[in-house]
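The structure under discussion appears below in the form of structure tokens.
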Amino acid sequence: MFLQQLINGLMLGSVYALIALGYTMVYGVMKFINFAHGDVFMWGAFLGLLSAKFIGPNFIVVLLLTMLLTGVLGVVIERIAYRPLRHAPRLVVTTSAIGMSLILSNLARLLIGSETYPIPKLLAVKGFHLGNALINTTQILTLVTAVVLMLLLQWFINGTRYGKAIRAASEDSETAGLMGISMDQVVMVTFFIGSALGGAAGLLVGMYYDAVYATMGFSAGLKAFTAAILGGIGSIPGAMIGGLILGVVENFGASVLSSYRDGIAFAVMILVLLFKPGGLFNAFIYQKRV
Amino acid sequence: MLTVKNLEVSYGAIRAVHGITLNVEAGELVTLIGNNGAGKTSTLKAITGVISNVKGSVELNGENITKMPSDKIAAKKMAMVPEGRRVFAGMNVRENLEMGAYLRRDSEVQQDMEKVFTLFPVLKERLKQQAGTLSGGEQQMLAIGRAIMAKPQIILMDEPSLGLAPIVVESIFESIKNINLQGIPILMVEQNVFLALNVADRGYVMENGVIAVEGMSQDLLQNEMVQRVYLGMED
């Protein structure tokens, strides 16, 4: 029972972590919460569904295509809704994000309808026994994909020129500009990566529950946002750890108080904010100005 | 090299700099001195493109760079050591230096890093340490080293002595002089008038957004007004 809950929790948590990365990276660079990100995740699930129909049973290619399409969607959203407001107060940009979220979710309902769609099978589902816990191939695939993507992101952010530019711009965009780092480029790359990870999460969730629907972005987006806050908004390792913790705690909590599943997640966030307002990994520990 | 003409800087309706004219020639170390609020930092921020609400003109080697965004100006090989050092605190010393060389694609980046270590050996010892954990003096060295990494045509410095112990300030100024003697022109904003005029070739004294006096450093050190207002000398 314990092992089963842990596995389920880690799997759910790894998906939260993937989505949370989009919130935290955008916050790091632009200092606002991109409330449209949950809807980008939902669109990612649909784009994944389309890719799966188009490509057939080849998980890697479907995943890459989904990430590419969702990444481009994120870049387009930034161009339309956020770039004209680059120097506006953060509250204005946040309001624009809420507007974008409404547009994206209503557009989904308009174009796709309110039905629930299954995702074509990308691999054979088989169950394995791990001690007395049961784990199936979709769960393993979800966990492995999420971990690989997070490792790739860590490498990108710490080991490449663009990645380091993103970190520098998150810390101090004015000084980053003086180094010759273009904010337009940094913002574009950030939105592409954050949205592509959200798209991957959409595909994985859609495969796991075998269901894609127009309102799936709301609750997942909110949970992932919670995970990002829990880990310390703006911190990339924070979002990863925050997502995993939230997934595990939520699963264990739900096994005791099953009808309070969502309540447990938010209670965790409130507790963390009460005792550690910067989150577990405070990204702005050295920073005087935000 | 750097020519600033009739520069005006405003913050909304408030004007901080009322049309100043200054220049820095090849190989020179020029200082812009004055009290808090005189408009020195605003002048530097306008030159480097951090502030865009400006009038007048800024030319670098005859090219008009007025109102260019700061990342484009950095591409013209103008490097800045900002006020309060502004090192990337969460990144280590090596990464900070790499950010200074962000726009460079040539093969001499590593060599230039060694040059920085010759100038500031302590940075080599702290290579893997996060910049936020360095002392103030070390952070200032890192900020200067980061500017050198850009292989600049000119370096602008905003109050390199800010918040540092007097003994550290002297060694920083010595390094600044050294960098200048290697042929890089420097425009340095300072409040420490005496030390600044001692290392600089020329100086401009700024008061309430205008240049009050300008001249060779030794002349300014003898200037009656400079002595009275900035050096605290009574006759």
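For the protein sequence lines, the chains are A and B, in the order given.
Its first residue numbered 49, the first sequence is counted upward by one per residue in this note's numbering.
Its first residue numbered 1380, the second sequence is counted upward by one per residue in this note's numbering.
Built from N, CA and C at the ideal position, the CB exists for glycine as well.
Put simply, of B:L1574, B:L1386, B:A1544 the residue whose alpha carbon is nearest the alpha carbon of B:L1599 is B:L1574. Taking the C-beta atoms as reference points, A:G61 is found no nearer than 8 angstroms to A:F240. One finds nothing in chain B with a Cβ atom closer than 8 angstroms to the Cβ of A:K324; even the nearest lies about 18 angstroms away. Around the beta carbon of A:M317, a 10 Å sphere encloses 16 or more other beta carbons of the protein chains shown; the residue is thus reported as buried.
In the three-state DSSP reduction, B:D1485 falls in the coil class, being neither helix nor strand. Annotation: the continuous beta strand (DSSP E) that includes B:E1593 extends over 1589-1595. Taking a cut-off of 8 angstroms for Cβ pairs, the region 114-131 of chain A and the region 253-261 of chain A do not touch, as fewer than three such pairs fall below it. Runs of the beta strand (DSSP E) lying entirely within the region 1472-1560 of chain B, each at least 3 residues long, are 1533-1537 in chain order. A:Y210 and A:P105 have their C-alpha atoms roughly 33 angstroms apart. Using a Cβ-Cβ cut-off of 8 angstroms, B:P1461 counts as an interface residue toward chain A, since at least one Cβ of chain A sits closer than that to its own. The alpha-carbon separation between A:M73 and B:N1577 amounts to approximately 46 angstroms.
Within the region 225-242 of chain A, the residues whose Cβ lies closer than 8 angstroms to some Cβ of chain B are G225, L226, M227, G228, I229, S230, M231, listed in chain order.
Taking 8 angstroms as the cut-off, the Cβ atoms of B:M1478 and A:K212 count as close.
Look at the region 1469-1482 of chain B: the residues with a C-beta under 9 angstroms from a C-beta of chain A are G1469, M1470, E1474, N1475, E1477, M1478, G1479, A1480, Y1481, L1482.
Spanning the alpha carbons of A:A315 and A:G179 requires a straight line of approximately 32 angstroms. At the C-beta level, A:S149 and A:D87 come within 8 angstroms of one another. About 6 angstroms separates the Cβ atoms of B:L1498 and B:S1554, confirming a contact at the 8 angstroms cut-off. Linking A:I188 to A:L292 through their CA atoms gives a straight-line distance of about 15 angstroms. Beyond the five residues adjoining it in sequence on each side, B:F1496 comes within less than 7 angstroms, by CB distance, of L1502, K1503 in the same chain, given in chain order.
In this structure, A:A276 is the residue among A:F329, A:A276, A:P285 with its C-alpha nearest to the C-alpha of A:A313. The CB of B:V1429 comes closer than 8 angstroms to the CB of E222, G225, L226 in chain A, given here in chain order. A straight line joining the alpha-carbon of A:I108 with that of A:V195 spans about 15 angstroms. Here B:I1399 is bridged, per DSSP, to B:L1386. A direct Cα-to-Cα measurement between A:V297 and A:V234 gives close to 34 angstroms. For the C-beta of B:A1454, the chain A residues within less than 7 angstroms are, from N- to C-terminus, G228. Distances from the alpha-carbon of B:T1420 to those of B:A1544, B:G1562, B:E1462, B:V1403 put B:E1462 closest.
With a threshold of 16 other beta carbon atoms within 10 Å, A:M49 falls short and is exposed.
Contact between the region 261-275 of chain A and the region 162-169 of chain A is present, with at least three C-beta pairs closer than 8 angstroms. Secondary structure of B:T1410 (DSSP, three-state): strand. The beta-carbon of B:D1537 is placed no less than 8 angstroms from the nearest beta-carbon of chain A.
Per the DSSP secondary-structure output, A:H177 pairs in a beta bridge with A:L182.
The criterion of a C-beta distance shorter than 8 angstroms is not satisfied by A:A156 and A:N82.
For a cut-off of 8 angstroms, the C-beta gap from B:S1449 to B:V1429 is around 5 angstroms, short enough to register as a contact. Taking 8 angstroms as the cut-off, the beta carbon of B:I1563 is found no closer than this to the beta carbon of B:P1539.
Against chain B, the CB of A:A313 has no partner CB under 8 angstroms away; the residue lies outside that interface. Secondary structure note for A:Y257: its alpha helix (DSSP H) is the uninterrupted segment 231-257.
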